[in-house]
Each structure stands twice: as structure tokens, then as C-alpha cells.
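In my numbering, the protein residues as written are 181 to 465. Okay, so here's the structure we're looking at.
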């Protein structure tokens, strides 16, 4: 990885209100990616489920693609990255598995040459009861990934995650230990949990790891009636909000990612090097 400490670049988080028609969602995403590129973005991150949010949880099986790059959604991402000459992150893409009838929720990273640089399969599946009338069971449709993934791009080393992963700080510490400079959290946070925890969790992950965070979210009411929180955010290593979409609805936010400032913060406040990982296990022995 070359030294990028002196460089800054514009990143963009794309907020959507995706529905159950892939073509329509991709058309909307095309316009939003173009807006981000026109604003000078070199990294554009789409939200979780950007291409499809169905009328029921299992409907996504019907649009799952084989992981060979030939599907409509994967071809779209490749073409958009190439057309705009940027790094494009498909927040989550439904990919089929050869080992199970369940599918993967996969974040795919495409480079400026249109090639897929990395794939991350969502580690933590959202099996929760949010309220008396609101519950989710992703494990009925999806199979969990088993790898922590970072990817070196021309602009920054990215640490990949998806939505519910945000509640597991140990993942982000591992990403940081592996060299991640920028933590990505494409999401479809519910309106209920988003109002309670979205901002607090994002700021915590940024501060704990002295890292920038880019978190595009779904924001609105979808075909199933599910409501998502919106309020896509970009946060710096000191926990300051660099950009935030202050409501629901589709849109784009951008901010400059200053890796030199991030490196300076890590040097002046070296909490990462002070961490005594494993001390509890040592005492247990």
C-alpha cells in the first residue's frame, strides 16, 4: 500500500428508498451516483439493499445473482464505476451459494477500471424482535459470512461491514488492526432502532478506532411497509459529523476524507497502540 497520508479525497454516501423493482432502483441509483461524481467524489458508497427491498423478507431470493459478475446488479456496479472512474461500493448485493439454498448479503467493491476488488459477506444476521409488531429473521433467507475483509483502493484502505454488524465493536477493531483507514457501514437501519442508536453507534465506532466512518442508509417507507431511518452520516476520527442527511428520502452527502489529519490524531492520541487485547484471557489462565 502506497503512502496516502498527505492526500485527501471526496467520499459520498448515497441514501435511497429502494423498492421491489430492480430496474427502477438502478435507475435512481444511476442518477445519485452521477450527482456524487459531479460533486467530485472518488469513493461512492450505496446503502444496504440498494437494488431491491421486497414486499416480504424472502422475496430477495428471486433476484439473487450467481457470484460470477454476470448478473444485472453486478454489471451495473461495474459499469458505473468504470463510467465515472471511481471506487463504487454496492452496499449489499444478494448472491447465491453453491452449498445452501440460502443466499449471501454481500458488499461488493468495484475499482475505477470496473473490476470487482473485494467481496464481503455480512457476518451478523438481523434476527431480532424490535417491537410487538416488528420483527426480522434474516437467517431464514441469508447465510452468514465467515471472513473479515479490508480492501486497498487508490484512495484509502477500506474496512467493510453491513448494517447490523455495527453493533459488534470487535469487528471494527479487527478491521482497524488490519490497516483499515475508512470504515464503511452501508445500512437499512429500521426507523425504530435508527432513532435510538444509529448516531451513537456510528460515533462510537469512529472514536474507538480513530477512523473515518461512511454510513449510507435506507430512508423511507418501502414496499413491505417497513420504515427505515435515513440520516446517512459521515464522521471523522474525533467523532465529529462531517455530513448528515437530516431526513428521509433519496439523496447524496459528501465530505472530504483527510487521511493526514487521521494519521495525526492517531499519533497524538495513540489509544490504538495502548489497547491490551487479550488481557482478560490471560487472567483467566
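We put the CB at the ideal spot given by N, CA and C, even for glycine.
Please name the residue in the options whose C-alpha comes closest to that of residue i.
i	options	result
residue 355	381, 374 and 385	385
residue 193	201, 223, 387 and 276	223
residue 227	221, 240 and 197	197
residue 408	292, 368, 266 and 249	368
residue 410	403, 375 and 387	375
residue 207	260, 241, 240 and 219	260
residue 154	241, 415 and 277	Nothing in the structure corresponds to residue 154, since the chain is present only between 181 and 465.
residue 297	307, 424, 333 and 357	333
residue 444	361, 423 and 458	361
residue 357	195, 272 and 455	455
residue 210	241, 273, 256 and 366	256
residue 241	277, 442 and 306	277
residue 214	432, 366 and 424	432
With 16 other CB atoms within 10 Å as the buried threshold, where does residue i fall?
i	result
residue 350	exposed
residue 345	buried
residue 236	exposed
residue 309	exposed
residue 418	exposed
residue 335	buried
residue 447	exposed
residue 191	buried
residue 453	exposed
residue 329	buried
residue 405	exposed
residue 273	buried
residue 401	exposed
Distance check for residue j and residue i, CA to CA, integer angstroms please.
i	j	result
residue 216	residue 320	35 Å
residue 288	residue 282	18 Å
residue 347	residue 304	9 Å
residue 331	residue 337	6 Å
residue 286	residue 251	14 Å
residue 238	residue 342	18 Å
residue 279	residue 323	10 Å
residue 212	residue 317	30 Å
residue 359	residue 420	22 Å
residue 181	residue 450	Low confidence applies here, because residue 181 scores a pLDDT of 43, under 50, leaving its location unreliable; read the following figure in that light. Between residue 181 and residue 450, the C-alpha separation is close to 22 Å.
residue 380	residue 428	18 Å
residue 203	residue 264	20 Å
residue 314	residue 234	16 Å
residue 382	residue 373	13 Å
residue 422	residue 254	30 Å
residue 458	residue 205	45 Å
residue 387	residue 188	20 Å
residue 312	residue 306	16 Å
residue 284	residue 249	14 Å
Is the CB-CB distance between residue i and residue j below 7 Å?
i	j	result
residue 230	residue 243	no
residue 364	residue 225	yes
residue 290	residue 327	no
residue 302	residue 270	no
residue 389	residue 352	yes
residue 300	residue 340	yes
residue 221	residue 426	no
residue 268	residue 294	no
residue 392	residue 437	yes
residue 430	residue 413	no
residue 371	residue 199	no
residue 292	residue 266	yes
residue 201	residue 399	no
Is residue i near the ligand GDP - that is, is its Cβ less than 6 Å away from at least one heavy atom of it?
i	result
residue 393	The ligand content of the structure shown is nil, which means the ligand GDP is not present either.
> Taking only runs of the alpha helix (DSSP H) that begin and end inside the segment 407-456, which ones reach a length of at least 4 residues, in chain order?
Replying inline: Listed in chain order, the complete alpha helix (DSSP H) runs (minimum 4 residues) inside the segment 407-456 are 439-448 and 451-454.
> What are the start and end residues of each continuous alpha helix (DSSP H) run of 4 or more residues lying completely inside the segment 230-312, in chain order?
Replying inline: Positions of the alpha helix (DSSP H) runs, each at least 4 residues long and wholly inside the segment 230-312, are given as 252-264 in order along the chain.
>> Quick check on the DSSP output: what are the complete alpha helix (DSSP H) runs of length 4 or more inside the segment 361-394, in order along the chain?
In response: Fully enclosed alpha helix (DSSP H) runs of 4 or longer: 379-389.
>> Runs of 3 residues minimum, wholly inside the segment 328-356: which ones carry the beta strand (DSSP E) assignment?
In response: Scanning the segment 328-356 from its first residue to its last, the whole beta strand (DSSP E) runs of 3-plus residues come out as 330-332 and 337-339.
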